[in-house]
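Per our numbering, residue 222 is the first one in the sequence shown, and the count goes up by one each step. Note that CB positions come from ideal geometry on N, CA and C, so glycine has one too. What follows is a set of notes on a single structure, which appears directly below.
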Amino acid sequence: PAVQPLTWTGNVSSVWADKGNWLRGVVPIATNDVWIPGASIGTNLAKLADDRAVRSLTTEVGGQLDLAAHTLTVSQDLNSQSGLITGGTLLLTGADASATGIVQSDIVVGDLGCSLKTRIHIPQFLIIQGSLLARCPVFVGDGLLSVTGPATFTDQGTLGLLVSGSAAQFLGDVTFGGPNNSLLVDGVIAIGGNFKQVGSASNFAPALNVETHFIGSDPQNRQTILFDDTRLSRFSQLFVSNTGAGVQILP
């Protein structure tokens with residue numbers, strides 16, 4: 222039989238580590254699936270007091286989780302239906318795991334060096350209202366990746382846009398420093414901040430039908446474009462829809 226997830230109740234307090242706040246009296250560990258319901262049995266909202274790890278995490282509409290200044294490691298799927306995961310950092314380490322929903326926290330994909338071979342798939346949408354640090358690959362299917370804060374692809378971190386309905390939106394600065402960003406097969410990239418490709422071992426090489434749009438609107442600051450290595454890196458289809466101070470290509 223399938224193992225039932227551990228469900229938050231908040232009967233006693235907001236403390237994650239208190240077993241009285243969980244439906245079966247068991248505090249989650251790294252091998253447990255966790256469910257944060259929209260209508261908790263108690264009145265206390267879940268809050269971390271230290272770093273924790275779970276297997277998968279689901280927050281229903283209305284379900285809230287405050288990571289405070291801590292890290293919650295999720296080794297399989299993330300489903301944030303509520304959009305009310307706040308503070309701290311979500312560390313996603315799953316191999317071929319999925320991530321869906323709205324998150325106000327920062328997200329890190331993979332451990333340092335990507336030794337755990339993490340691969341995150343976005344089948345519908347993932348809206349990150351914090352920052353994104355991708356040390357391992359992130360693949361967008363027929364859906365949307367949107368990042369409000371700065372986004373960085375490094376170590377083995379690559380961005381994959383796989384079908385014509387794939388879209389990535391970076392409202393802040395975005396840096397591509399991963400080893401191979403040639404998995405940009407189809408779809409649209411929209412950039413509201415500055416664009417940078419860094420390092421001679423990395424590249425930004427979208428396929429011919431991938432559109433890159435610069436959509437900045439700041440009247441005081443130009444968007445900038447910087448390629449560290451132009452031998453393999455380029456735009457295929459470039460659109461400037463900047464309604465602010467324009468776009469500048471840096472030498």
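query	result
Spatially closest choice to L278 from R455, T264 and L227, by CA coordinates	L227
R276 versus N253, F374 and T375, residue with shortest Cα-Cα distance	N253
Nearest-angstrom Cα separation, counted from V255 out to P249	7 Å
Distance, Q418 Cα to L459 Cα	15 Å
Cβ contact (3+ pairs, closer than 8 Å) linking the region 434-448 and the region 404-418	yes
Inter-residue Cα distance where the pair is T373 and I349	13 Å
Per-residue DSSP class, three states only, for K268	strand
Delimiting residues of the beta strand (DSSP E) encompassing K417	F416 to Q418
CB of Q285 within 8 Å of CB of A267, strictly	yes
Reduced DSSP secondary structure (H/G/I, E/B, other) of N242	helix
Integer-rounded CB distance, given that S423 should sit under 8 Å from P400	6 Å
Among T264, V406, P371 and G398, nearest to Q390 - alpha-carbon criterion	P371
Buried or exposed by the 16-neighbour rule on C-beta atoms within 10 Å, applied to D376	buried
Which of helix, strand or coil DSSP assigns to G259	coil
Straight-line gap, W237 to R245 (C-alpha atoms, nearest Å)	14 Å
Residues that F397 bridges to, as DSSP identifies them	F374 and Q418
Close Cβ partners of I436 (< 6 Å) along its chain, the five nearest in sequence each way excluded	A411, G413 and S462
Endpoints, the beta strand (DSSP E) within which G408 is located	G408 to I412
For L333, three-class secondary structure by DSSP	helix
Beta-carbon proximity check, A320 vs I341, cutoff 8 Å	yes
Assigned secondary structure, A428 (DSSP; H/G/I helix, E/B strand, else coil)	coil
Neighbourhood of S235 by C-beta, 6 Å cutoff - its chain only, sequence neighbours within 5 removed	N265, L266 and K268
CB contact flag (V295, G315, <8 Å)	yes
Local conformation of D449 per DSSP, three classes	coil
Collapsed DSSP secondary structure at G381 in the structure displayed	strand
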